[in-house]
Structure formats: structure tokens, C-alpha cells
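What follows is a set of notes on a single structure, which appears directly below.
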Amino acid sequence: MTTIQTARKAQVTSVFDIERIRADFPILKLQVNGKPLVYLDNAASSQMPQQVIDRLMRYQSTQHANINRAVHTLSEIATNEFEEARRKLQHFIHAREEREVIFTSGTTDAINLVMHGYGRKFIGRGDEIILTTLEHHSNIVPWQMLAEEKGATIRVVPVNDAGELVIDDYEKLFNERTKFVGVMHVSNALGTINPIKQMIAFAHAHGVPVLIDGAQAAPHMPVDVQDLDCDFYAFSGHKLCGPTGIGILYGKTALLERMQPFKGGGDMILSVTFEKTTYNTIPHKFEAGTPPIAAAIGLGAAVDYLSAIGMDAIYAHERSLLHYASEQMARLPGVRIIGTAEHKAAVLSFVIDGVHPHDIGTLLNEEGIAVRTGHHCAQPVMQRFKLPATSRASFAFYNNMAEVDALIVGIRTVQKVFL
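Residue numbering for the sequence shown follows my numbering, beginning at 18 and increasing consecutively.
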């Protein structure tokens, strides 16, 4: 049996029906430049199933009101639906308590919340923050801002040629000045799955809290924050088949209670006078103003959808796509995969000899294939591999093997044009 036949057999015998799932996504019926859309930019933003779209419409047309503001029927319904979404997210990541789940505008906002709420209060002059070469800019720039303000220092974990963190070097960075660790669960640029449970345990042995950027993990694999024992975990709704403008920060209760609020305003207070303000309890202490109510409810619906499929099944299907795509791409002369870690999520960063990544993206788009090109908001990764940019194909559970085949054909077309 050929590799293609084996891959297609694995697809047919999958624990979920890929064609039924694809039917849930109306955007997959689109044509781009007269070709069927092949959407392989899921690391940037995933698509939304009809069930989530319908839930958003139901809220907007029959339930919309501000929350925590009134005793009238619509406000009570909206408040209940908003808090029900919080409970769904709690169960999705296996948080211990509902109040450990804070709604934010996304991963970036969540990381900034931790920087302001925890970092500015507990990190000072001479202290050290450990980050990694793989980090997205969202988990670099806020800590640089803090370090500059406080006189702290950032230490960086290197990566090897496969795109894997050098864990021995990570452990050597710890000393009595180490006060915080920030590390992504999965690299958005390379797909590397970092050994975060091991890293968290080592940091905790030194009394150091850890924030996990889970933007590329939560949509693609099971996440159990209690099992990981992370102190903070952040992710975004728009990568999780949900709306834009919504995200989650998980934090351990004891840490959240010690943190100062990031934003001031309505609903994050218990009482206000010109002499003194008393802050609300968590999570409300960190949710100033009118939150993205519809987006939160939509994210709850997205979690329902993914949970019904099963995150283990999603992970297995995406792994089969990655394996098949990696094998096929490795056979293309003049094409090099950047990031060959042993443990990877379904992300393929690649370069084609003699062709700029932007030209690759433009020509693939003419074939209806959507990939991301550029530095992927991970310029230190590009610097490590001495590249200005890569092309990145990132898969989701609604992608199929035929779309991998289309990508491979598209790359060959690019090579014919330029080489």
C-alpha cells in the first residue's frame, strides 16, 4: 500500500467523519480565483462552524443586553449565558474553579494582564525573567517593557537546529534572581510542542511561577491546567473556532488574588469613593467595563463544538495530516522544512530555494491556497535560522488529505514559475 493510500485509509477510518465536519463550515465552500478554497492559515485564525455562527445570531437577536447591570429579563439572561460560557471554558481546560477563568480580548491581552497585574507588583530591579527563543512577540514585548521599567533582566532559552528548546540550558538559567518564566506551549512559527510540564516542575522546584502561551495548543490538543500545574495559561478564541476579540487567561486563585488590577472602571469594583476604591473579587477584578459578551458566548459554543468531536480525536487527525504533509514535502527537491522537532503540532514552515516566501504565498493564493508568509511575529526564531521569513501551512481538524495534495501541487507550480 502506498503512502497516499495509507493516509487516505487512515482518514476514512478516523474516529470522526471529516466530510460531515467540513459541511459545518460554510466558508470551506468558497472559491478563490476560481479554485476551491484550501485554507491552511489556521495558526493565524481558524474558521467558524455554522453552530457557532447560529449561536452568535441567537444571542444578538433574542438575548442581547448588558450584563451585571439590571434586574430586567434580558440582562439576567445575558448574564447567565455569559457566566455559563465561563463554566464551559473552565471544564474545557480543567480549571479547578470558575473564578480562575478570566475573559480577555485574546492571548496578547491576557499576557499583558499578567505582566501588569503580577509582574509590576512582584518583579523588581535585578530580578530575572526567563523566556525562550521560540516566543511570539506577544510573550516578549510586554516583558521587555517591564524589564526596562523595573531594571530587570530577560534570559533566553536557546533552541537546537530542529527547533527544540535546549532544556539543559533552560535549567542552567535559574538562580536566586529568577522570578518568572514565560513559555509557549506550541511554537506558532515551527510547530514545536515544548516539554512544558517538565519545565513547569523545574521552575516550581525553584519557587518560580510560569505563564504558558497556549494560543497554538488549546485549539489542537487536550489541555489540563491542573495536570500541567501551570500558574497562568492564555489562549485566544479566534484560533479556537470562535469569534475574534475574545480570549482566556487562566490563573491560580492564590496568585490572582494577590495581583493588582490591570484596568480600572465599572464592574471591577465593590465600592468607589473619591477617597478609596475597593476592588471586586476575582475574576471580576480583572474584567473592567462591558466585556465582549457575544464573543464570550460564541466562544462557549465553539468549546461545545470541539468537545463534542473530542480533543484527542482532533489531535490524532491533525497529526495524520502533519505526517502525510511532511512526507510529501520532504520529497520535493529544493524545498526545506524549517522546524523538525520530534514532537510537533500540525504546522509546517518551509522555504523554497530561490523563491521569496511572499512570492510563494502570492502564487499559492492564485491556486486558492491560503498560507501565511513572513516572520509570523516570531523574529527571534527567524534570526536563529538565519531567514528573513518562511511560508507556513498550518492545519486544523477540518482539513483533509486532498488539501495536502493541493498544497504539494501548488508548491510544484511555484517552482515551475521561478525555477
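The C-beta atom is built at its ideal place from N, Cα and C for all residues, glycine as well.
If you're wondering where the values come from, they're calculated on a predicted model, not measured in any experiment.
- According to the DSSP assignment, threonine 295 belongs to the beta strand (DSSP E) that extends over 294-296.
- Contact between the region 404-416 and the region 320-337 is present: three or more C-beta pairs spanning the two stretches fall below 8 angstroms.
- A distance below 7 angstroms separates the beta carbons of tyrosine 250 and isoleucine 229.
- Rounded to whole angstroms, the separation of the alpha carbons of valine 398 and glutamine 345 is 24 angstroms.
- Looking at the backbone, the Cα of glycine 231 and that of threonine 124 are separated by about 8 angstroms.
- According to the DSSP assignment, serine 92 belongs to the alpha helix (DSSP H) that extends over 90-110.
- Relative to the Cα of isoleucine 428, the nearest Cα in the group Ala347, Leu381, Tyr135, Thr307 belongs to Leu381.
- Shown here, isoleucine 265 sits in a strand according to DSSP, grouped into three states.
- Looking at the DSSP output, glutamine 277 bridges to nothing.
- Assigned with DSSP and collapsed to three states, methionine 238 falls in coil, not helix or strand.
- In this structure the region 244-258 touches the region 208-225; the number of beta carbon pairs closer than 8 angstroms is three or more.
- When C-alpha distances from valine 198 are compared across Gly281, Pro308, Ile265, Val174, the shortest belongs to Val174.
- In this structure, arginine 39 places its C-beta atom within 7 angstroms of the C-beta atom of leucine 45.
- Bridge pairing for serine 411: Asp58, Val364 [DSSP].
- Sixteen is the threshold: when 16 or more other Cβ atoms of the shown chains lie within 10 Å of the Cβ of aspartate 144, as they do, the residue is buried.
- Boundaries of the alpha helix (DSSP H) around methionine 328: 328-347.
- In terms of Cα proximity to histidine 392, the closest of Ile386, His373, Glu383 is His373.
- Between the alpha carbons of valine 158 and leucine 436 lies a distance of about 39 angstroms.
- A straight line joining the alpha-carbon of glutamate 98 with that of lysine 167 spans about 41 angstroms.
- Taking each of Met74, Ala102, Asp34, Glu117 in turn and checking the Cα distance to lysine 302, the smallest one comes out for Glu117.
- Assigned with DSSP and collapsed to three states, arginine 172 falls in strand.
- Cα atoms of glycine 356 and phenylalanine 367: separation of roughly 8 angstroms, rounded to the nearest angstrom.
- A contact is defined here as three or more CB-CB pairs under 8 angstroms, and the region 217-227 fails this definition with respect to the region 88-105.
- For serine 78, the enclosing alpha helix (DSSP H) stretches over residues 67-79.
- Note on geometry: alpha-carbon atoms of tyrosine 332 and asparagine 129 lie some 29 angstroms from one another.
- In the displayed model, glycine 141 falls within coil according to three-state DSSP, outside both helix and strand.
- Pairwise C-beta distances place the region 284-291 out of contact with the region 149-164, as fewer than three of them are shorter than 8 angstroms.
- Sixteen is the threshold: when 16 or more other Cβ atoms of the shown chains lie within 10 Å of the Cβ of glutamine 107, as they do, the residue is buried.
- By the CB criterion at 7 angstroms, asparagine 85 and threonine 307 fall outside the cutoff.
- In this structure, valine 320 keeps its C-beta atom at 7 angstroms or more from the C-beta atom of lysine 189.
- Beyond the five residues adjoining it in sequence on each side, glutamate 420 comes within less than 6 angstroms, by CB distance, of Val55 in the same chain, given in chain order.
- Three or more Cβ pairs closer than 8 angstroms define a contact, and the region 258-278 meets that threshold against the region 133-144.
- Counted as a single uninterrupted DSSP element, the stretch harbouring tyrosine 135 is not any beta strand (DSSP E), since DSSP gives it neither H nor E.
- Here the C-alpha atom of valine 131 lies approximately 10 angstroms from the C-alpha atom of tryptophan 160.
- Of the residues Glu335, Ser204, Ile184, the one whose Cα lies closest to the Cα of phenylalanine 33 is Glu335.
- Counted as a single uninterrupted DSSP element, the alpha helix (DSSP H) harbouring threonine 379 occupies residues 374-383.
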